[in-house]
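Single-structure report; data block below.
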Amino acid sequence: MKLKWIFKLSEQSKIETERRALERYDLQLPVNIKWKDHTGKIMEENTTSKNISSGGVYIILSNSIKKGTRIDLWFDLSIPVEGVKKTRVFAKGEVVRSVKEGKAFGHGIKFMNYKFLRVDS
């Protein structure tokens, strides 16, 4: 029984290490998000990212979103990608962390998938 407990701790440590393995960038990008609340009502909020990685984004919202909630989000990158001056990133994500930060709420969003869209304007 004791060996089984040690194995579980070891697995948890491995998961924590893997979760932090992706490099994060302190980029403040305008982010638009949309989700359904617990009643099924579609909610939408505009915010700014606090940091971002290839695996997800951390944002601050005025609303709290329950862990496990699926969301849609999009933001623009002003850096050229394949000759296009502006690229919009559309992503589907899941809230993996939600913490109170003063009067607002911080949310860790894990990207489930994302795609790059050309913006001609």
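Each residue of the sequence shown is one higher than the one before, counting from 4 in this note's numbering.
We treat Cβ as the ideally placed atom computed from N, Cα and C, and that holds for glycine.
Whole-angstrom distance between residue 88 and residue 46, CA atom to CA atom: As a first step, residue 46 is located in the sequence shown; it is residue number 43 there, counting from the start. As a first step, residue 88 is located in the sequence shown; it is residue number 85 there, counting from the start. Going from the Cα of residue 46 to the Cα of residue 88 covers about 30 Å.
Distance, residue 123 Cα to residue 110 Cα: Sequence index remark: in the sequence shown, residue 110 carries index 107 (1-based). Sequence index remark: in the sequence shown, residue 123 carries index 120 (1-based). Taking the straight line from one Cα to the other gives about 31 Å.
task: Using the DSSP secondary-structure output, state which residues sit across from residue 49 in a beta bridge.
output: Position 46 of the sequence shown, counted from the start, is the residue given in the question as residue 49. Per DSSP, 35.
- prompt: Would DSSP call residue 69 helix, strand or coil?
  reply: Counted from its first residue, the sequence shown places residue 69 at position 66. Residue 69 falls in the coil class under three-state DSSP.
message: Measuring straight from C-alpha to C-alpha, what distance separates residue 20 and residue 48?
response: In the sequence shown, counting from the first residue as 1, residue 20 sits at position 17. In the sequence shown, counting from the first residue as 1, residue 48 sits at position 45. Any reading at residue 20 must be qualified, since the residue scores a pLDDT of 45, below 50, and its modelled position is unreliable; the value itself is stated next. Rounded to the nearest angstrom, the two C-alpha atoms are 31 Å apart.
- request: Using a threshold of 7 Å, state whether the C-beta atoms of residue 115 and residue 97 are closer than that.
  value: Along the sequence shown, one-based indexing puts residue 115 at 112. Along the sequence shown, one-based indexing puts residue 97 at 94. Contact: yes.
- prompt: Do residue 117 and residue 99 come within 7 Å of each other at the CB atom, strictly closer than that value?
  reply: Position 96 of the sequence shown, counted from the first residue, corresponds to residue 99. Position 114 of the sequence shown, counted from the first residue, corresponds to residue 117. Not in contact: residue 99 and residue 117 (Cβ atoms no closer than 7 Å).
- prompt: Do residue 56 and residue 34 have their CB atoms nearer than 7 Å?
  reply: As a first step, residue 56 must be located in the sequence shown, where it is residue number 53. As a first step, residue 34 must be located in the sequence shown, where it is residue number 31. No.
- request: Check whether the Cβ of residue 39 lies closer than 6 Å to any heavy atom of the ligand ATP, and answer yes or no.
  value: Ligands in the displayed structure: none, and consequently the ligand ATP is not present.
message: Among the candidates 107, 119 and 120, whose CA atom is the shortest distance from the CA of residue 64?
response: Here residue 64 corresponds to residue number 61 of the sequence shown, with the count starting at 1. The option with the nearest alpha carbon to residue 64 is 107.
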